[in-house]
Amino acid sequence: MGDQELRVIPPDRFLQVLRRVVLENAVDSFLGGFPCGRGTFLLLHSSRLNRDFELVIGDFDFQSISSQVRQELAL
Amino acid sequence: MIEISRMDYTGDFVKSFRLKRGLEIRPLWKKMERMDPDSLLIWAERFDSISPVAAGLSVAMALEKSAKFQVSLSNQYSRTIAAEINRLVWLVNYLGNSLKSISPEFCVSAAFLLREKVFATQEELFGGRVLVQSTKLGGLRRGFALGDLQKIRNFVEQWRAQWREWRSLVDNDPARVSRFSGVMVVPPALVQKYSWWGIVGKSSGVAYDSRLHRPYGAYPHVDFEVPMGKNGDAETRFQVALLEVELSLTLIEKLLAGFPQASLHEVKEVKLNPGFYTGWAESGSGPFVSVLEVGADCMVHSVRIFSSDQRALPLLEKMLVGVRADDFWLALNSLGVSLENGELS
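Chains as they are written, first to last, in the numbering used here: chain A, 1 to 75; chain B, 1001 to 1345.
So, in structure tokens, the structure goes:
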């Protein structure tokens, strides 16, 4: 868990960053997300590493971002 | 609580059904924005009325990280005892509802009587019967006095005697076992994919439990193992829930035995630091993971609590298609999913 001030990912780099995080850390689950002050907050989980990953995307279209995450993780 | 608005059958099997919408729509998140930390903790418990302590504790942990506040060891012990007492509510409620699915008479009222006894103890110790409101920043709203520790010992002893009597009636009852066996098997791959932790995960061979895997509170100071099964059916979930009750009682006893000398650690003033903070606590249905967003004005801008229920709820309308109509309520209730803290589209 980071618990630090997170870097906001620009919307046009979102999928690129997401794919890298998923691949490098064997992320297999999407714990949840919500629209926050600076865009959309996502909480991902890797059961292999027993670790959570936090991302903040600088875009407020929460539904669209969530559905792209689910698609990437084949949920 | 789960309600169905429509159900269609093909012969003896469920063809389709629709969960009742509306119960899951709650204005809680909006309400909690920009609240002061103490009020926030009281409201956080409303996230799940069966597991309010876990909900409050997960948010308290996130707030304490933001305030860079270290909770004293004795307060960690007190909170962990409160959380384990409260876990008994979810567990006996789950066991009672599972039995109710096959017969309204079969030891159901005795299960709910056990639940009532936990409610009475919570009221006596913390002031709140159902919504316990025990957690405050840095500890418990009402810290334990020496007499309270003895009260808890007495509660465990008496409650366990009644529990064992009840358990002996249901544990190996052949009619019950035959009804529960093989119903609603959840494969481990589905558990991993949706992080469907708690009773469901443990019964399918995924023994994820935040008390062990994300150590917090006083759990790192006690030795324990979480129960696990592998068949993933309603019977395995029932057996795991029975073992979870035994584990909670044992944990309370161990925590009481190792309870440290009280050290005063009152929180006078809290200043939150901007950023995102997470906290977690194990409920019967798995860990609640809280996320707080604290803005540059040092106020809480957003709060969310994520649960296994939220992730599993959208799956139910597909998962239960093809289940025997006679087994429908058992299949559904054996998953222990609550509509209360879920989200449906």
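Don't be surprised by glycine CBs; every beta carbon is placed ideally from N, CA and C.
Residues that DSSP places opposite residue i in a beta bridge
i, result
"B:M1007", "B:F1017"
"B:G950", "This structure gives no information on residue 950 of chain B, because the portion of chain B shown stretches from 1001 to 1345."
"A:S29", "A:H45"
"B:I1002", "Answer is none; B:I1002 lacks a bridge partner."
"A:T40", "A:P35 and A:I57"
"A:V69", "Paired residue(s): none; A:V69 is not in a bridge."
Own chain residues within Cβ distance below 7 Å of residue i, not counting five before or after
i, result
"A:S66", "G33"
"A:L6", "E54 and V56"
"A:S47", "D28 and S29"
"A:L43", "L31, G32, G33, D52 and E54"
"A:Q4", "Summary for A:Q4: the model assigns pLDDT 49, below 50, so the residue's position carries little reliability, and this model does not support an answer."
"B:V1191", "V1200, G1201, S1204 and V1206"
"B:S1016", "D1008 and V1321"
"B:H1221", "G1258"
"B:Q1239", "G1229"
Backbone secondary structure at residue i - three-state DSSP
i, result
"B:Y1277", "strand"
"B:L1315", "helix"
"A:Q4", "Caution is warranted here: a pLDDT of 49 is assigned to A:Q4, below 50, making its placement in the model unreliable, and no coordinate value can be reported."
"B:S1283", "strand"
"A:P35", "strand"
"B:S1290", "strand"
"B:D1309", "helix"
"B:I1081", "helix"
"A:D52", "strand"
"B:V1270", "coil"
"B:S1338", "coil"
"B:V1321", "coil"
"B:S1302", "strand"
"B:I1152", "helix"
"A:I9", "strand"
"B:S1369", "One cannot answer for residue 1369 of chain B here, as it falls past the ends of chain B, which runs 1001 to 1345."
"B:Y1216", "coil"
"B:K1030", "helix"
"B:E1064", "helix"
"B:I1252", "helix"
"B:G1056", "helix"
Between the CA atoms of residue j and residue i - distance to the nearest angstrom
i, j, result
"B:E1084", "B:I1252", "7 Å"
"B:R1018", "B:T1250", "40 Å"
"B:S1074", "A:R70", "42 Å"
"B:S1195", "B:A1207", "11 Å"
"B:V1108", "B:F1144", "33 Å"
"B:A1062", "B:G1147", "31 Å"
"B:S1308", "B:G1198", "8 Å"
"B:I1102", "A:A26", "41 Å"
"B:V1130", "B:F1119", "6 Å"
"B:L1247", "B:P1227", "8 Å"
"B:F1306", "B:F1047", "10 Å"
"B:K1136", "B:A1262", "17 Å"
"B:L1212", "B:S1058", "15 Å"
"A:A74", "B:T1080", "37 Å"
"A:I9", "B:P1027", "29 Å"
"B:A1241", "B:S1178", "17 Å"
"B:W1163", "A:F62", "46 Å"
"A:E24", "B:Q1070", "33 Å"
"B:P1260", "B:Y1077", "8 Å"
"B:D1233", "B:G1138", "40 Å"
"B:R1115", "B:K1031", "30 Å"
"B:A1189", "B:D1297", "43 Å"
"B:A1055", "B:E1045", "5 Å"
Same chain, Cβ closer than 8 Å to residue i, neighbours up to 5 away in sequence not counted
i, result
"B:W1029", "S1302, V1303 and R1304"
"B:L1099", "F1106, C1107, V1108, A1111, V1170 and R1176"
"B:S1051", "N1086, R1087, V1089, W1090, S1283, G1284, S1285 and F1288"
"B:F1126", "A1082, V1132, Q1133, S1134, L1140, R1141 and R1142"
Local Cβ density within 10 Å of residue i, reported as buried at 16 or more and exposed below that
i, result
"A:F41", "buried"
"B:T1010", "exposed"
"B:I1004", "exposed"
"B:S1345", "Legend: pLDDT at B:S1345 = 49, less than 50; position of this residue unreliable, no value from coordinates given."
"B:D1012", "exposed"
"B:V1294", "buried"
"B:F1224", "exposed"
"B:G1217", "buried"
"B:G1258", "exposed"
"A:R20", "exposed"
"B:E1124", "exposed"
"A:G39", "buried"
Beta-carbon proximity list for residue i, same chain, < 6 Å, skipping 5 on both sides
i, result
"B:T1236", "S1203 and G1229"
"B:N1097", "N1333"
"B:A1067", "V1270 and L1272"
"B:S1210", "W1280, E1282 and P1287"
"B:W1329", "S1101"
"B:R1160", "L1249"
Residue i: contacting residues in chain E (beta-carbon distance under 8 Å)
i, result
"A:L18", "The structure shown has no chain E; the protein chains it does contain are A and B."
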